[in-house]
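Notes for the one structure printed next.
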Amino acid sequence: MRRKKLHTVAFVLTGVVCLVFILNKNDFESDVTLITEDDIYEKLHQQNSIFETLQPSSSYCRQNVSAYNVTGFSTLPKHIQDFLLYRHCRSFPMLLDVPDKCGGPQNSADVFLLLVIKSSPENYERREVLRKTWAKERQHRGVWIRRLFISGTSATGFEKHRLNKLLKMENIENNDILQWDFHDSFFNLTLKQILFLEWMERWCPHARFLLNGDDDIFANTFNMVEYLQGQKGNDGSKHLFTGHLIQNVGPIRHPSSKYYIPVQVQESKRYPPYCGGGGFLLSSFTAKTIYNMSHYIDLLPIDDVYMGMCLEKAGLQPTSHLGVRTAGLHIPAQNVDKFHPCFYREIILVHRFLPHMIYVMWDEIQNPHLKCGKQILQKSRKK
Ligand SMILES: *[C@@H]1O[C@H](CO)[C@@H](O)[C@H](O)[C@H]1NC(C)=O
Ligand SMILES: *[C@@H]1O[C@H](CO)[C@@H](O)[C@H](O)[C@H]1NC(C)=O
Ligand SMILES: *[C@@H]1O[C@H](CO)[C@@H](O)[C@H](O)[C@H]1NC(C)=O
Ligand SMILES: *[C@@H]1O[C@H](CO)[C@@H](O)[C@H](O)[C@H]1NC(C)=O
Numbered sequence: 013m014r015r016k017k018l019h020t021v022a023f024v025l026t027g028v029v030c031l032v033f034i035l036n037k038n039d040f041e042s043d044v045t046l047i048t049e050d051d052i053y054e055k056l057h058q059q060n061s062i063f064e065t066l067q068p069s070s071s072y073c074r075q076n077v078s079a080y081n082v083t084g085f086s087t088l089p090k091h092i093q094d095f096l097l098y099r100h101c102r103s104f105p106m107l108l109d110v111p112d113k114c115g116g117p118q119n120s121a122d123v124f125l126l127l128v129i130k131s132s133p134e135n136y137e138r139r140e141v142l143r144k145t146w147a148k149e150r151q152h153r154g155v156w157i158r159r160l161f162i163s164g165t166s167a168t169g170f171e172k173h174r175l176n177k178l179l180k181m182e183n184i185e186n187n188d189i190l191q192w193d194f195h196d197s198f199f200n201l202t203l204k205q206i207l208f209l210e211w212m213e214r215w216c217p218h219a220r221f222l223l224n225g226d227d228d229i230f231a232n233t234f235n236m237v238e239y240l241q242g243q244k245g246n247d248g249s250k251h252l253f254t255g256h257l258i259q260n261v262g263p264i265r266h267p268s269s270k271y272y273i274p275v276q277v278q279e280s281k282r283y284p285p286y287c288g289g290g291g292f293l294l295s296s297f298t299a300k301t302i303y304n305m306s307h308y309i310d311l312l313p314i315d316d317v318y319m320g321m322c323l324e325k326a327g328l329q330p331t332s333h334l335g336v337r338t339a340g341l342h343i344p345a346q347n348v349d350k351f352h353p354c355f356y357r358e359i360i361l362v363h364r365f366l367p368h369m370i371y372v373m374w375d376e377i378q379n380p381h382l383k384c385g386k387q388i389l390q391k392s393r394k395k
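The opening residue of the sequence shown carries number 13 in the numbering used here; numbering runs sequentially from there.
The following block contains the structure:
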């Protein structure tokens, strides 16, 4: 009799477990647990104070519900709807900070070139390679090069936590990450730029020059320092904004383009002159001016164009630097090694490099026996 009862209990229990399993199938598939994410947040929150500030980012800034009334709102792609709803949000809490990066605001003039690299949390390999190659903190020709990665948050739930932990670990080891609690997406890059400029005003106002760029570029930072030291009469206190100059273009109106900007976001058919966002150089004077102007211009999701808008409003012009190749390096001959170091020794910056290529190229351009000239082209042709 007792046995039968036990059997029944076991049977019912199994049924309940199965039912719970079926009802939570999706949770099982992704997280292999019955506890909800909220429970976990709560637990982590109790255990560890670093999670105390981790609320969903949306709670920092309310949607602009008037955006729903914009003509054709419901027909716009999701990321553009998102942009319109949160366009006015410019303030997000910092998750990681390096306030002493420039030795404090007073000493920040000792930083000659601050490398400010846009990097999403998951791009760990790229950051690791940059740390030991072109973005290595060091002195060159008697002046200091410093490095910062700027980041938001990626993913949601557990994955977001994991990636935040990754950045935290990296920052403990390297002291080189600024992270804010906003969604790190292509359309939030302008927000990232503005948050950085705000940080700079506070913690590093006198760093003389900045390289602002992506984490998939190859930058010859030796050449950069030499070029900037050659700016006679400009120690960072005058205007400089140079890179791959783009002019006479306007918003792309094809919805399938990554750069699609509908009239609901910008009516004007014209973009001001600007420098391609893969990488450009600017003085601290110009950084300050852009930040000031940004208070008076609505955010545009294309970050490099937005910089151009701020410059235009300030009456300043971006200039072209032929050594900045954000559209890649065009090597005409077919049989030539596209990655011959001689092509990269003279430039300042090239876009789209894989981490392993950056690692090799950084070594090769420093080879004292490297001889460049006409014969190199011929030699590589013979190969
Ligand atoms: C949206 O439009 C409707 C109808 O014109 C109007 O009643 C409502 O107040 C508008 N809402 C906002 C938030 O502007
Ligand atoms: C909210 O959105 C409407 C419609 O796009 C816009 O006119 C208004 O300026 C926005 N408000 C804020 C505070 O950004
Ligand atoms: C930008 O980040 C905010 C905060 O995380 C988010 O609410 C918004 O949807 C993001 N915008 C885009 C276009 O990704
Ligand atoms: C921008 O600069 C002007 C002139 O120096 C100043 O009056 C103004 O307060 C600044 N605006 C902001 C938001 O810092």
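Backbone N, C-alpha and C fix where the C-beta goes; we use that ideal spot for every residue, glycine too.
Would you mind stating whether R150 and L126 have Cβ atoms separated by less than 8 Å? no
I'd like to know whether the C-beta atoms of G289 and D316 end up nearer to each other than 8 Å. yes
N176 Cβ short of 7 Å to ligand 3 heavy atom set: no
Whether G84 touches Q276 by CB criterion (8 Å): yes
Cα-Cα separation between I309 and P353, rounded to whole angstroms: 42 Å
Alpha-carbon to alpha-carbon, R174 and Q59: Only weak support is given to the placement of Q59: the predicted model assigns it a pLDDT of 42, under 50, and the value that follows is read from those uncertain coordinates. Going by the C-alpha atoms only, they are around 16 Å apart.
Taking the alpha-carbon positions, what's the S295 to L252 distance? 5 Å
Going by other Cβ atoms of all chains shown within 10 Å of its Cβ, with 16 needed for buried, is Q205 buried or exposed? buried
Distance, S86 Cα to F292 Cα: 36 Å
Can you grab the Cα-Cα spacing for the pair I258 / S103, in whole Å? 30 Å
What does a CB cutoff of less than 7 Å around V82 pick up in its chain, not counting 5 residues either side in sequence? L96 and Q276
With distances taken from CA atoms, which of S78, N135, Q75 and S120 is nearest L366? N135
If you pair each beta-carbon of the stretch 223-240 with each one of the stretch 189-197, do three or more pairs fall below 8 Å? no
Please classify S332: does DSSP put it in a helix, a strand, or coil? strand
With DSSP run on the structure shown, which of helix, strand or coil describes V277? coil
Rounded to the nearest angstrom, what separates R74 and L203 at their Cα positions? 16 Å
In whole angstroms, what is the alpha-carbon distance linking M373 and P313? 33 Å
Is DSSP giving R357 helix, strand or coil here? helix
Starting from the C-beta of L382, find all residues in its chain whose C-beta is less than 8 Å away, skip the five residues before and the five after it, and write them out in chain order. P353, C354, R357 and E376
I184 burial status per 10 Å Cβ neighbour count (16 or more: buried): exposed
Note the first and the last residue of the continuous beta strand (DSSP E) segment covering W156. V155 to T165
Taking I285 as the reference, give the member of T298, P330 and K325 with the closest Cα. Per the sequence presented here, residue 285 reads as Pro, with Ile not at that position. Selected option, being the one with the closest Cα: P330.
Count the C-beta pairs between the stretch 163-181 and the stretch 101-116 that are closer than 8 Å, then say yes if the count reaches three, no if not. yes
Who are the near neighbours of I47 in its chain, counting only those whose CB is closer than 7 Å to its CB and skipping five residues on each side? Caution applies to I47, whose pLDDT of 43 falls short of 50 and renders its modelled position unreliable; the value that the coordinates give is listed next. Same-chain partners within the cutoff: there are none.
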